[in-house]
Structure formats: structure tokens, C-alpha cells
Amino acid sequence: MRTSSLTPTHERIARAILNLERRHEPAFVSDLVRNLGYAAESSLTATLHLMERKGFLLLQGGGARGRSRVARLTPQGRMAIGAGGLPLLGFIPAGPLTEALQQADDFVEPEELFPYRDGDFLLRVKGDSMIGDGILDGDKVLLRPGLEARQGEIAAVLVGESYESTLKHIYLDKETVTLRASNPKYPDLSVPAESVSIAGVFRGLIRQSVA
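Position in the sequence shown (from 1) plus 16 gives the number in the working numbering.
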């Protein structure tokens with residue numbers, strides 16, 4: 017389904033970019049011109065710049081001896097055409113609390129069957145406090161918002177007015193929440209229950225394969 021600000025022409029261009037990205041190919045403007053049947057690159061450029069101003073794509077590179085620029089869909093552009101995938105919202109520390117990152121900077125489409133729901137999101141792990149659960153530095157963890165975390169579950173936790181974040185096992189009682197790592201070098205952290213909110217409950221991870 018298109019958003020109201022995505023015209024049929026914009027959608028056609030966005031889907032052409034997506035098709036190239038899904039094949040792990042750069043979406044050169046020259047290729048888009050050919051694939052979409054435009055007479056010349058200049059006839060497509062104005063539309064691409066308009067889409068860039070609206071936040072649907074980014075134009076990168078080019079300018080050297082006629083080298084064609086590359087168009088890349090933004091998260092907003094992907095969402096506008098219902099492209100699917102999981103939003104990657106930044107880093108979650110598996111270690112000391114760090115200020116939370118909340119803005120989607122990329123989308124990830126799992127290459128193999130990976131069950132996820134609308135609203136799920138990814139955060140990239142930074143640190144080693146959860147290695148006892150097989151969660152390593154650089155992994156992307158799948159988190160599901162809106163769930164009530166059960167005792168001992170792993171969750172992305174926001175703490176305090178500054179919304180500092182961490183990925184830990186959580187243990188709740190009436191007045192405090194204990195955040196527990198699975199690496200013994202990190203001590204438990206107990207914080208007032210009223211200062212804690214759950215950004216998402218851990219539901220899986222994606223690890224970059226090494227050739």
C-alpha cells in the first residue's frame with residue numbers, strides 16, 4: 017500500500033531500486049533509466065531529487081567524469097512500498113548502560129526463514145556481557161515490543177529519564193528490577209522499578225556469516 021505522498025511514478029522507481037538492492041546490486045541511475053524505459057538520465061534526475069527531498073531515497077556518488085550516481089532507498093522509502101524487512105534501530109549495549117538509539121538507520125531482510133511480526137525491530141549488540149547466552153558483539157538481536165517480560169527473560173531495557181539502554185536478563189519484584197548479565201565479569205545492577213521500561217523482549221538473533 018502506498019502512502020499518500022508516494023505517487024505511482026515514485027512507487028515504480030522505488031520498486032526498481034528495491035529489485036536491484038535485493039540482488040545485492042547498486043542501483044545506478046543509468047541502470048534505472050534503462051530498466052524503466054527513460055530516454056535519458058536527465059529525464060529521471062528531477063524525479064529522483066524530489067524523492068530524495070521527501071526522504072524516500074538517497075543519491076550517492078557520481079560527479080567524476082560522468083560516473084552515474086547510485087540511488088538507495090531509505091527506511092521511509094522501504095516502508096512506503098511495503099518492502100518488509102526489520103528496522104535496524106542502532107546499537108544496544110551488552111555491557112554498561114548507554115543512551116538509547118531510536119532512529120531506524122537501515123532495514124534487514126533475513127535471507128533464511130526467520131519468524132518475525134509487524135512491529136519487531138533489530139538492534140546491533142555492542143559488548144560482551146551476554147556471551148553466556150551466545151549473544152556476541154556485532155550480532156543483531158530481534159526484539160518484540162509490547163510483551164510483558166517474564167522472570168529471567170532477556171530484554172532491551174530503558175532506564176531513567178535519559179532512557180539509557182542495555183540488553184540483560186531481567187528479574188522483577190515489587191520495588192526493583194535486577195538486570196543480570198550472562199558474563200560473570202559484569203555485576204548485577206538493581207534499579208527502581210518505576211524507572212524501568214521494556215523496549216522489547218528478545219526473540220532471536222542474526223549473525224553475519226564469515227566466509
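We put the CB at the ideal spot given by N, CA and C, even for glycine.
For a test of the three-state rule: what should DSSP assign to residue i, helix, strand or coil?
i, result
"residue 171", "strand"
"residue 80", "Reliability fails at residue 80, whose pLDDT of 45 lies under 50, so the model's placement of it is uncertain and no value is given."
"residue 97", "coil"
Since residue i contacts residue j with CB under 8 Å, what's their CB separation in whole angstroms?
i, j, result
"residue 170", "residue 149", "7 Å"
"residue 144", "residue 155", "Not really, about 11 Å apart at Cβ, beyond 8 Å."
Between which two residues does the beta strand (DSSP E) holding residue i run?
i, result
"residue 221", "212-222"
"residue 88", "86-89"
"residue 163", "No beta strand (DSSP E) contains residue 163, which DSSP labels as neither H nor E."
For residue i, tell me which candidate among the options has the shortest Cα-Cα distance.
i, options, result
"residue 110", "84, 157, 32 and 69", "157"
"residue 220", "172, 40 and 200", "172"
"residue 211", "175, 154 and 155", "175"
"residue 134", "141, 147, 108 and 103", "103"
"residue 97", "187, 208, 32 and 199", "32"
"residue 101", "38, 51, 63 and 74", "38"
"residue 217", "183, 181, 138 and 159", "159"
"residue 139", "195, 124 and 44", "124"
Closer than 6 Å by C-beta to residue i: which residues in its own chain qualify, once you throw out the five before and the five after it? Chain order, please.
i, result
"residue 168", "185"
"residue 99", "34"
Which residue comes first and which comes last in the alpha helix (DSSP H) that contains residue i?
i, result
"residue 26", "24-38"
"residue 69", "58-69"
"residue 46", "45-52"
Give me, in chain order, the residues of the same chain whose beta-carbon lies closer than 7 Å to that of residue i; leave out the 5 immediate sequence neighbours on both sides.
i, result
"residue 76", "85, 86 and 88"
"residue 213", "174"
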